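Counting in the numbering used here, the sequence shown runs from 642 upward without gaps.
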Amino acid sequence: MIRAIRASKTAAEERAVVRKECAAIRASINENDQDYSHRNLAKLMFIHMLGYPTHFGQMECLKLIATPGFPEKRIGYLGLMLLVDERQEVLMLVTNSLKQDLNHTNQYIVGLALCALGNICSAEMARDLAPEVERLLQFRDPNIRKKAALCSIRIINKVPDLAENFVNPATALLKEKHHGVLITGVQLCTALCKINTEALEHIKKKCTESMVRALKDLANSPYSPDYDISGITDPFLQIRLLRLLRVLGEGDVDASDSMNDILAQVATKTESNKVAGNAILYECVQTIMRIEDNGGLRVLAINILGRFLSNRDNNIRYVALNMLMRGVTIDAQAVQRHRATILECVKPESEPIIGRLATKLDRTTINNYTVSTNQMLSHTICMNLSSPVAATFGTISLPNAVNDDELRCSENLKPQDAAESSKQCSNWKFPSSKVAIPSPDPDASIRKRALELVYVLVNETNVKPLTKELVDYLQVSDQDFKEDLTAKICSIVSKFSPEKIWYIDQMLKVLSEAGNFVKDEVWYALIVVISNASELHGYTVRALYKAFRTSAEQETLVCVALWCIGEYGDLLINNVGVLDIEDPITVTELDALDVVEIAIKRHASDLTTKAMALVALLKLSSHFPSLSERIRETITQYKGNLVLELQQRSIEFNSIIAKHQSIRSTLVDRMPVLNEATFVGRRAGSLPDAASIQSGPSVGLPNGIAKPSAPLLDLLDLSSDEAPAPSSSGGDLIQDLLGVDLSKPSQQSGASQTSKSGTDALLDLLSIGSPSSPTQSPSVQNNSSMIDVLSPDTTKKPSDSPLDDLSSLSLSSRGTSNGGAAPMMDSLDPLPTSPPAENNGPVYPSITAFESSFLRLMFDFSKQTGNSQTTNIQATFTNLSSNVYTDFVFQAAVPKFLQLQLDPASSNTLPTSGNGSITQSMRVTNSQYGKKSLVMRIRIAYKINGKDTLEEGQISNFPRDL
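Structure follows, in structure tokens:
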């Protein structure tokens, strides 16, 4: 049968052979042929392993088990373990046969029954046969005791209630001298400790010392041929003992102290050049990490893992990286010592090897060319080893073997020798034959795991060197790995950057090398940071100009460069704010314009890039009046574009340049500084556009990027209202800023709508602030987002042509009245201020808005005279504990019909009870005044002794007349 199956050339032929054999087996079973039953069952097992159904032979297994002979029982039990599992009812029929065989006088038949029970035992069988197995734990033959211990593990896993019956027999097995019985006894005790806490305490009390002694005997035992594997005495038993000690020492200081010495001995004496030794060391490290604190042992364990990282075996390196990932939470400082080795795991293996050979080769053969020692030395110095290895070596064929001791290279050359070497290097040409350079390590799991570990190791002290290493490797990494590497670098730079200039430099390097792998929110955040770094505007736009000239194929880099050139093009031309670290460059107006035109005319540019390029051209028309005509011609080319967004921008921008030159400079003036905290909140998905939300002072990061201390997602769980609210318009922050959002803004009409001044309209469009003093006047918003940007005064009545409204404006009308609409230049102020209000209104009773066992929040209310919709609230926070609260942040959210404006808190440190408090003012405007009461959801975050604490709640007990 086997020969016929293997000779089948197609699956159909194989199925035909199997069908024929199955039919013959069925016929033999029906005839009750006892002579061939064991052969039939053997055939069924082979057919079963091929994946064909063999359920019709299950009863044949039971018949063979019931026979008295050992050969028949052996094939019957083997068939039972293969063809039957514990979920089938036919297994119930074999329980009686198993019980008889467990009590058989033939130890080999007893062994067969124990093997079968240990493989297919169900809960019912475990309850019925547990007494027989427990008795066999004391059987005279060691092989039976060993099999009974393994079967006992299956029983207690199926029925944990039976665990207490096996505790005493299991501890008795730990005194065995036979290693086979001892290792199974250790496994049984380990299983008992994990299942039953009483068994754990009993074994911990009775057996810890004996287990330590047994491990010490194994570690110090002389050569034993019966148990020796690669010069190590019974590594399997040592591993099992280490696992049991790990369970016994976890959470127990006394037990951990008793095993410290032997663990240190195993860790230092075990050889690491064999697989068996590495397995013992790995288990020893796991045990050290799990038992109670011992600083010296843990440093030793992490050093062992550091040696694992230098191993050529990828499996050993991978488990070392996994263990180091857990070790970071235990002893981060010890893991930091192996930072360089971990970084090498991020890079392909071939790079450090080739670099080492390149710096040490005295003589090598490059195809048919022989290079002398001095030439090789000079060329080695000229090589830029940080560049890609393939580009550096070209077509070098390296020798098969290189001895480091024989190949030396002196790096202490005199300056004239180095200059001569550089001259020789420039004249050296490689032949163009095939290369023989090792390929990168194909195991990407090692690099990804190492990258995750590096990400965890980064902190404020080592962020610069680690980021430099990762950015350097980004230049030579393969495409499949760049996405993960780019995401990690961007996250590290955002989280730990010490200063804004360093943040901008690193982000520009990433954008230049792998800009196409950078997510949108990352370069959005970069624009926000650049907007806030006013002293670095000139430096940034010059750096982006240089980067664009070399990396124009990186789409995100092009987008950021276009935005900066549009905003700060005048700084680029005039070399404003040149830093000492910069190389001077000369950029003309035509050069800056050429960059934008190259970007907009590239076929690979997407819609966002082209839309931003049009905006940049419009802004440059104001910065460079002499080039206005050329810019207008470029913009006009898109009047007939098939993409409606580009067509609309082209028509509108062309009209602004041609017909509205008097207000063009004001319209395209530099954007106001963007609110970093608001953007970070929106980036986390916690600040929706439907509700008006502002928070208190956010926790400032070292790099200047403000980050809320806690997300506001839960704060939004308030009932929505159908009434319109004077809140900011929808859309993403950066897309609104750049006008790239293609979604149609909603129209609002009606005489009862609340309109805003020019300042408030622009601020709402950018979502970077809330109106400080809205005025009531009828207004209808136009459905064009571009006109919303250009509209300086929303109090004007809408006309048939929005562009006609623009032509009716004049610069002389600005600032003529304090009571009218805000002037256009004021609309570009990022933080409009209003004069302090006088609280001459009625007095309202104070309320306890929120109180917990740690904190009390009191609200005092007042209203301005003549403005019943706006309520001034003074919040007072009192510490009820004896601990000082640091990094105190208060956040609040309100429904749509309310508008909230929060002032900065008086402090971010709340002293202990009775020693002071924190006050914070806020203003709430109720558009449904008299119909609906105030409601607010709050979140308070602070730190107690460096530990983050978060409290939240909903306030509904406001006075009804607010």
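Positions of the beta carbon are idealized from the N, C-alpha and C atoms, including for glycine. Here the structure is a predicted model, which is why all the values come from computation and not from measurement.
Look up residue i in the DSSP assignment and say whether it is helix, strand or coil.
i	result
T825	helix
K650	coil
S1370	A caution first: S1370 carries a pLDDT of 39, below 50, which makes its placement in the model too unreliable to give a value.
Q729	coil
S1597	coil
I971	coil
A1245	coil
T736	helix
Here's a check: name, in chain order, each residue in its chain whose Cβ is nearer than 6 Å to the Cβ of residue i, leaving out the five neighbours to either side.
i	result
A1202	L1185 and F1189
L1647	With the chain covering only 642 through 1603, there is no way to say anything about residue 1647.
S1172	V1314 and L1315
S951	none
V1104	F1137
H979	G947
Just to confirm the assignment, what range does the alpha helix (DSSP H) spanning residue i have?
i	result
T1307	Q1302 to L1308
E1230	E1230 to K1242
Y1526	That residue, Y1526, is in no alpha helix (DSSP H); its beta strand (DSSP E) goes Y1526 to A1534.
T610	Residue 610 is absent from the model: the chain starts at 642 and stops at 1603.
Q879	P876 to G890
T1108	V1104 to L1115
M700	Q699 to A707
A1546	Run containing A1546: none; DSSP gives neither H nor E here.
A942	G936 to L950
A804	Taken as a continuous stretch (DSSP letters only), A804 belongs to no alpha helix (DSSP H), as it is neither H nor E.
T695	T695 -> no alpha helix (DSSP H), and no H or E assigned at all.
N919	V916 to R931
Find the nearest neighbour of residue i within the set the options, judged by alpha-carbon distance.
i	options	result
L755	L1575, F1500, R768 and R786	R786
V1535	R1601, A1546, V1576 and E672	V1576
I932	P1225, C1200, I921 and S899	S899
E1196	L1149, S1296 and R939	L1149
V658	F687, M964 and L941	F687
F1502	T1511, N673 and D1232	T1511
L1498	L1551, S1523, Q1542 and T928	L1551
N837	I824, I797 and V1095	I797
A1546	L1115, A1533 and V751	A1533
L732	R715, Y749 and L703	L703
T1181	N1157, D1146 and Y1279	D1146
A1516	N1524, S1523, G1507 and A1490	A1490
E701	M690, A1582, I1239 and R667	R667
C792	D802, L829 and D1528	L829
G918	D934, R953 and F877	F877
F1599	S1523, T1590, P1106 and Y1485	Y1485
I1133	D1119, V1151 and D1121	V1151
K661	L685, Q675, C986 and T831	L685
K1251	I716, E1492, Q1505 and V1237	V1237
Looking only at its own chain, which residues have a Cβ that is under 7 Å from the Cβ of residue i, when we skip the five neighbours before and after it?
i	result
E775	N806, F807 and P810
A789	L755, V774, L777, L778 and F780
L938	N901, L904, A905 and I929
T849	L889, A896 and S899
E817	L823 and G826
Which first and last residues belong to the beta strand (DSSP E) in which residue i is found?
i	result
T1583	The sequence given here has Tyr at residue 1583, not Thr. Unbroken beta strand (DSSP E) run through Y1583: M1577 to I1585.
S1262	No beta strand (DSSP E) contains S1262, which is instead part of the alpha helix (DSSP H) from L1248 to H1264.
N1513	N1508 to N1520
L1496	L1496 to Q1505
T1560	S1558 to N1567
Q1540	L1539 to L1543
A1490	I1488 to E1492
The ligand SAM and residue i: does any heavy atom of the ligand fall closer than 8 Å to the residue's C-beta?
i	result
R1580	With respect to the ligand SAM, the structure shown offers nothing to examine, as it has no ligands at all.
Could you check whether the Cβ of residue i sits closer than 9 Å to any Cβ belonging to chain B?
i	result
S1597	You won't find chain B in this structure, because it holds only one protein chain.
Excluding the 5 residues preceding and the 5 following residue i in the sequence, name in chain order all residues of the same chain whose CB lies nearer than 8 Å to its CB.
i	result
T1229	I1214
K915	S871, G872 and I873
S1523	T1553 and S1554
K714	L705, I706, T708, D742, I750 and L753
Counting only runs of 4+ residues fully inside the segment 1170-1234, write out the alpha helix (DSSP H) ranges in chain order. 1178-1191 and 1196-1215
Runs of 4 residues minimum, wholly inside the segment 1128-1162: which ones carry the alpha helix (DSSP H) assignment? 1141-1155
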